[in-house]
Amino acid sequence: MDSELRKAGVTGVGSYVPEKVVTNYDLEDIVDTSDEWIRSRTGIEERRIAKEDATTSDLAYKAAESALNDADLSPEELDLILVATVTPDMMFPSTGCLLQDRLGATNAAAFDLEAGCSGFVYSISVATQFVRTGAYDNVLVIGAETLSKIINWEDRNTCVLFGDGAGAAVVQPVESGGVLSTVLGADGSGGELLKMPAGGSKRPASLETVKENLHYIHMEGNSVFKFAVRAMGKGAMKALEKADLEKKDVDFLIPHQANIRIIDGAAKRLNLDNDDVFVNLDKYGNTSAASIPIALAEAAEAGRINSGDNVVIVGFGAGLTWAASVIEWS
Ligand code: ACO
Numbered sequence: 008m009d010s011e012l013r014k015a016g017v018t019g020v021g022s023y024v025p026e027k028v029v030t031n032y033d034l035e036d037i038v039d040t041s042d043e044w045i046r047s048r049t050g051i052e053e054r055r056i057a058k059e060d061a062t063t064s065d066l067a068y069k070a071a072e073s074a075l076n077d078a079d080l081s082p083e084e085l086d087l088i089l090v091a092t093v094t095p096d097m098m099f100p101s102t103g104c105l106l107q108d109r110l111g112a113t114n115a116a117a118f119d120l121e122a123g124c125s126g127f128v129y130s131i132s133v134a135t136q137f138v139r140t141g142a143y144d145n146v147l148v149i150g151a152e153t154l155s156k157i158i159n160w161e162d163r164n165t166c167v168l169f170g171d172g173a174g175a176a177v178v179q180p181v182e183s184g185g186v187l188s189t190v191l192g193a194d195g196s197g198g199e200l201l202k203m204p205a206g207g208s209k210r211p212a213s214l215e216t217v218k219e220n221l222h223y224i225h226m227e228g229n230s231v232f233k234f235a236v237r238a239m240g241k242g243a244m245k246a247l248e249k250a251d252l253e254k255k256d257v258d259f260l261i262p263h264q265a266n267i268r269i270i271d272g273a274a275k276r277l278n279l280d281n282d283d284v285f286v287n288l289d290k291y292g293n294t295s296a297a298s299i300p301i302a303l304a305e306a307a308e309a310g311r312i313n314s315g316d317n318v319v320i321v322g323f324g325a326g327l328t329w330a331a332s333v334i335e336w337s
């Protein structure tokens, strides 16, 4: 990266998950599935589900408070709030603006970024550009989802996979290390594989769209799986290359938590042992844009990442998209 630019790093992290636990056994009562199927095909054992009246910004707020606390930063000091989500509180205003108001971040600009489960890594990339160029000093990046609100609880192909939660990170200038590289990718030709078909300009909400279940997640799991395995490996390798690093330089991997078989594939590609890979998929399922920041916050809190470690974060998602970054933890 250009040496005249500043360095940007992650200076605080936080996360929040709703209290309600829904186990695979609970799902056996709802759809034709089994704990054995879900566990062996995905690695998921349970997930958290938000209360009926809880919004994505409610979850985001709690994660944001925790990350600001960790970075010892007040909301008034924020220059920008970026919320990565596919489940905004509403089409507009943005969840970022709702959060800006609730936090009292009166000096911050705010917007949402939609890149499916890659949204948090995309947002880290955006935040890094603002900080490195000197445009902004204090950026709050959040991945937050209430996927339970767009799940068809009668569709066993999707309802067993997802959960709710939020994770946040503060990005600021740092003296050394920090975000060493970010790489972003998209393949819009795969958009049909993972989508919420109605509610936008193509199929505005109507009685028909509701009757046809078009306001729910529709996914061709197997095709997304194949894309994910390729994208995770490719993404991580490109991010390393851009940071002038090799596989042997990676200390810790924080992959998007969608499926243990996809995670194992990425770890193998990087020659990493299980101890060097963070997995909390068993507890939370796939929380889309929230999955990497929740994992990052939990890994930091558990002391699994230490100052000077090269941490790779990598994800894939709707779009289709993929994204990866190497962060030298400080
Ligand atoms: N319980 C029992 N059986 C099931 C269930 C279930 N919950 N779901 C599907 N099945 C059945 C299918 O109907 C199929 O039966 P059939 O052979 O009689 O038709 C069989 O299991 C096998 O289905 P596959 O789709 O081939 O199973 P696969 O091994 O691919 O696993 C899975 C499915 C877990 C969805 C996998 O493909 C996957 O993880 N894909 C990636 C999905 C993903 O990560 N999506 C998130 C993207 S991120 C974002 O932006 C939101």
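So the working numbering is basically just the index in the sequence shown, starting at one, shifted up by 7. Glycine is no exception: its CB is placed at the ideal position from the N, C-alpha and C atoms.
Beta strand (DSSP E) containing D119: first to last residue?
As a first step, residue 119 is located in the sequence shown; it is residue number 112 there, counting from the start. Where D119 is concerned, the enclosing beta strand (DSSP E) stretches over 116 to 120.
Answer with yes or no whether the minimum CB distance from F118 to chain C is below 8 Å.
No chain C appears in the structure shown, which is made up of a single protein chain.
Would you list, in sequence order, the uninterrupted alpha helix (DSSP H) runs of no fewer than 4 residues that lie entirely inside the segment 242 to 327?
267 to 276, 288 to 291, 298 to 308
Here's a check: name, in chain order, each residue in its chain whose Cβ is nearer than 8 Å to the Cβ of V181, leaving out the five neighbours to either side.
Position 174 of the sequence shown, counting from 1, holds the residue named residue 181. So the qualifying residues of the chain are K14, A15, G16, T18, S337.
Are there any heavy atoms of the ligand ACO lying less than 7 Å away from the beta-carbon of C124, as far as the coordinates show?
Reading the sequence shown from its first residue, position 117 is the one you call residue 124. C124 Cβ: within cutoff of the ligand ACO.
Would you report the Cα separation of E161 and V38, rounded to the nearest angstrom?
Here residue 161 corresponds to residue number 154 of the sequence shown, with the count starting at 1. Here residue 38 corresponds to residue number 31 of the sequence shown, with the count starting at 1. Their Cα atoms are separated by approximately 6 Å.
Specify the secondary structure class of S81 as computed by DSSP and reduced to three states.
To locate residue 81, count along the sequence shown from 1; it is residue 74. Looking at S81 - three-state DSSP - the assignment turns out to be coil, as it is neither helix nor strand.
By Cβ distance, which residues of its chain are closer than 7 Å to L12, with the 5 residues on each side in sequence left out?
Here residue 12 is taken as the residue at index 5 of the sequence shown, counted from 1. So the qualifying residues of the chain are R139, T140.
Could you tell me whether the Cβ atoms of H225 and P204 are closer together than 8 Å?
Indexing the sequence shown from 1 puts residue 225 at position 218. Indexing the sequence shown from 1 puts residue 204 at position 197. Yes, Cβ-Cβ distance for H225 and P204 is below 8 Å.
Between M239 and the ligand ACO, is the CB less than 7 Å from at least one heavy atom?
Position 232 of the sequence shown, counted from the first residue, corresponds to residue 239. No, since every heavy atom of the ligand ACO falls outside the 7 Å radius drawn around the Cβ of M239.
Taking C-alpha atoms, which residue in E253, G242, R109 lies nearest to I270?
Counted from its first residue, the sequence shown places residue 270 at position 263. Out of E253, G242, R109, G242 has the C-alpha closest to the C-alpha of I270.
Quick one: what does DSSP say E43 is sitting in, helix, strand or coil?
Counting from 1 along the sequence shown, the entry for residue 43 is found at position 36. Three-state DSSP puts E43 in a helix.
Nearest-angstrom beta carbon gap, T63 and T94 [assumed within contact, 8 Å]:
Your numbering for residue 94 matches position 87 in the sequence shown. Your numbering for residue 63 matches position 56 in the sequence shown. 5 Å between Cβ atoms; contact.
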